[in-house]
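>
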Amino acid sequence: MPFGSPIALSTADVADLLAAQGVMVLPESIRKWMNRFGRQFAYCIRRDRPAAVDKWHLDAVVTLINRRKYLLWQAVDANGDVLDILVQPQRNAKASRRFPARLVDRFGEARIVVTDKLRSGFKLVWDLAPGADHRAHKG
């Protein structure tokens, strides 16, 4: 599993993982522990995470969730680390600017941005990262 992959564990899952190691803890204790220390652990993980490589791959896919169409955005750097994921119910100019704007705010401007061959990607990259080299290819 790549470093940036999101993984969601419930308190019961964590209790099961600890039980497999011989540590018996109730899920309620884990919940209280996460409420108390979770924010500090999240800060340490973000702080120690390697910096994003300056070549980004942006992709938008339409997916169905409960029979409704949603736009799934994903940004991956050259090392394969997931930079960010966003699910949006609408597909318009404002929604398409929101995701790359979050990336630029968080990681700074990329040197190279790779998108699919949709013409809307050219203007998007030009507006948000005018110094970036935009490469469009299929696949």
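Take the sequence shown: its position 54, counted from the start at 1, is 54 in the working numbering, and no numbers get skipped.
From the three backbone atoms N, C-alpha and C, an ideal C-beta is built for every residue, glycine too.
It should be emphasised that the depicted structure is a prediction, and the values quoted were computed from it without experimental measurement.
#1: Leaving out the 5 sequence neighbours to the left and right, which residues in its chain are closer than 8 Å to residue 102 when beta-carbon positions are compared?
#2: Helix, strand or coil for residue 61 per DSSP?
#3: In angstroms with no decimal places, state the Cα-to-Cα distance between residue 90 and residue 13.
#4: Here's a check: name, in chain order, each residue in its chain whose Cβ is nearer than 8 Å to the Cβ of residue 17, leaving out the five neighbours to either side.
#5: Inspect the beta-carbon positions of residue 56 and residue 110 and report whether they are closer than 7 Å.
#6: Ordered along the chain, which non-local residues of its own chain (more than five positions away) have a Cβ less than 7 Å from that of residue 131?
#7: What residue does the alpha helix (DSSP H) around residue 90 start on, and which one ends it?
#8: Thinking C-beta only, is residue 136 closer than 7 Å to residue 115?
#9: Does the separation of the CB atoms of residue 27 and residue 15 fall below 7 Å?
#10: Tell me where the alpha helix (DSSP H) around residue 117 begins and ends.
#11: Can you give me the Cβ contacts of residue 112 inside the same chain, cut-off strictly under 6 Å, excluding the 5 residues immediately before and after it?
According to the structure shown:
#1: Sequence index remark: in the sequence shown, residue 102 carries index 102 (1-based). Once the five neighbours on either side are set aside, the close Cβ partners of residue 102 are 84 and 86.
#2: As a position in the sequence shown, residue 61 is number 61, starting the count at 1. Residue 61: strand per DSSP, three-state reduction.
#3: Residue numbering aside, residue 90 sits at position 90 when the sequence shown is read from its first letter. Residue numbering aside, residue 13 sits at position 13 when the sequence shown is read from its first letter. Spanning the two alpha carbons is a distance of roughly 34 Å.
#4: In the sequence shown, counting from the first residue as 1, residue 17 sits at position 17. These residues qualify, in order along the chain: 9.
#5: Position 56 of the sequence shown holds residue 56. Position 110 of the sequence shown holds residue 110. Closer than 7 Å, so yes.
#6: By one-based count along the sequence shown, residue 131 stands at place 131. Taken in chain order, the residues that qualify are 109.
#7: Locating residue 90 in the sequence shown gives position 90, where the first residue counts as 1. Taken as a continuous stretch (DSSP letters only), residue 90 belongs to no alpha helix (DSSP H), as it is neither H nor E.
#8: The residue labelled residue 115 in the question sits at position 115 within the sequence shown. The residue labelled residue 136 in the question sits at position 136 within the sequence shown. Yes, the Cβ-Cβ distance between residue 115 and residue 136 is below 7 Å.
#9: Counting from 1 along the sequence shown, the entry for residue 27 is found at position 27. Counting from 1 along the sequence shown, the entry for residue 15 is found at position 15. Yes, Cβ-Cβ distance for residue 27 and residue 15 is below 7 Å.
#10: Here the question's residue 117 lines up with position 117 in the sequence shown. Where residue 117 is concerned, there is no enclosing alpha helix (DSSP H), given that its DSSP letter is neither H nor E.
#11: Here residue 112 refers to the residue found at position 112 of the sequence shown. For residue 112, where only same-chain residues beyond five positions count, the Cβ hits under 6 Å are 55 and 133.
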